[in-house]
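Residues in the sequence shown are numbered consecutively from 10, following this note's numbering.
Note that CB positions come from ideal geometry on N, CA and C, so glycine has one too.
To start, the structure under review is shown below, and the notes come after it.
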Amino acid sequence: MIGKLTGIIDNITEKQIILDVQGVGYLVSCSAHTLQLAGTPDSPLALWVETIVRENDINLYGFAQKSERDWFRLLTTVQGVGAKAALAILSVLSPESLSSTIAAQDKVPITAADGVGPKIATRIITELKDKVAHFGMTTITSLKAVPTQDNSLMEDVLSALLHLGYRRMEAFVAASAARNQLGETAKLDALIRAALAELGQKDKSV
């Protein structure tokens with residue numbers, strides 16, 4: 010089983026790289042993110058690889074970052090998500106963005122991937138929302154990772170921000186920042202004010 014390849018780029022297409030490793034050309038399917046980082050033909054390149062063996066063929070999927078390869082593996086554990094869909098998702102969302110999106114339970118960014126509809130996006134969130142802590146979630150905490158009563162309070166904060174017209178992702182980030190700032194004993198009105206202040210600061214910086 011191939012886990013990593015290091016070689017020289019022989020050719021790059023819209024979705025694949027031929028990587029020359031000591032005279033052997035490996036055809037590797039890659040995400041758009043990895044293709045952007047890959048460079049040009051004749052450049053050196055190292056790829057983290059996932060090998061998928063089927064009855065009639067062997068397919069290699071390569072990633073510039075180990076975290077992206079790990080997310081590819083995790084996505085393909087979800088029912089209905091094959092290698093093609095997982096690669097499409099990682100082409101529109103970085104590992105960090107995907108972690109944040111799932112933690113916020115926001116299916117819209119996931120549906121931006123080719124061939125991924127709302128039903129599959131919802132299933133991905135449902136099956137993976139408790140696992141994002143293991144995939145680079147350092148600044149945002151999943152709502153499922155906090156006590157139930159705090160969970161309910163945070164949902165109320167999110168609801169208030171959504172009614173004010175903010176998108177779920179930005180509302181989630183602001184609500185999480187407010188909770189981290191004020192602590193678990195903070196009341197609803199204080200959390201909403203702090204979240205709005207956080208959103209206001211971001212608006213000024215844009």
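Cutoff 8 Å; reference Val58; Cβ partners in own chain excluding five residues on either side
Ile11, Gly12, Lys13, Leu14, Val37, Leu69, Tyr70, Gly71, Phe72 and Arg78
Asn189, DSSP secondary structure in three states:
helix
Per DSSP, cross-strand counterpart(s) of Phe181: According to DSSP, which records beta bridges pairwise, Phe181 is partnered with nothing at all.
field: Nearest-angstrom Cα separation, counted from Asp19 out to Val87
entry: 34 Å
Presumed contact (8 Å Cβ cut-off) between Ala113 and Phe181, rounded CB distance: 4 Å
**OP:** Work out the CA separation of Ser103 and Thr110 for me, nearest whole Å.
**Re:** 10 Å
Please determine, among Leu205, Lys128, Asp66 and Arg188, the residue with the shortest C-alpha to C-alpha distance to Leu173.
Leu205
* Hey, Ser40 and Ser108: beta-carbon distance below 8 Å or not? -> no
Fill in: Residues near Gln210 in its chain [Cβ-Cβ closer than 7 Å; skip 5 each side]
none
Discussion item. Give me the residue from Glu207, Pro127, Ile17 and Pro50 with the minimum Cα distance to Tyr175.
Written reply: Glu207
### Task
Report the partner residues of Ala55 according to the DSSP bridge assignment.
Thr15
Classify Ile67: buried if its beta carbon has 16 or more other beta carbons within 10 angstroms, exposed otherwise.
exposed
Which of the three DSSP states, helix, strand or coil, is assigned to Glu23? coil
Q. Tell me which same chain residues have a C-beta within less than 7 Å of the C-beta of Thr60, skipping the five on either side of it?
A. Met10, Ile11, Ile67 and Leu69
According to DSSP, is Val166 part of a helix, a strand, or is it coil?
helix
**Prompt:** Which word fits Gly124, buried or exposed, when buried means at least 16 other C-beta atoms lie within 10 angstroms of its C-beta?
**Reply:** exposed
Straight-line CA distance for Glu23 to Leu167? 39 Å
**Asked** Would DSSP call Leu84 helix, strand or coil?
**Response** helix
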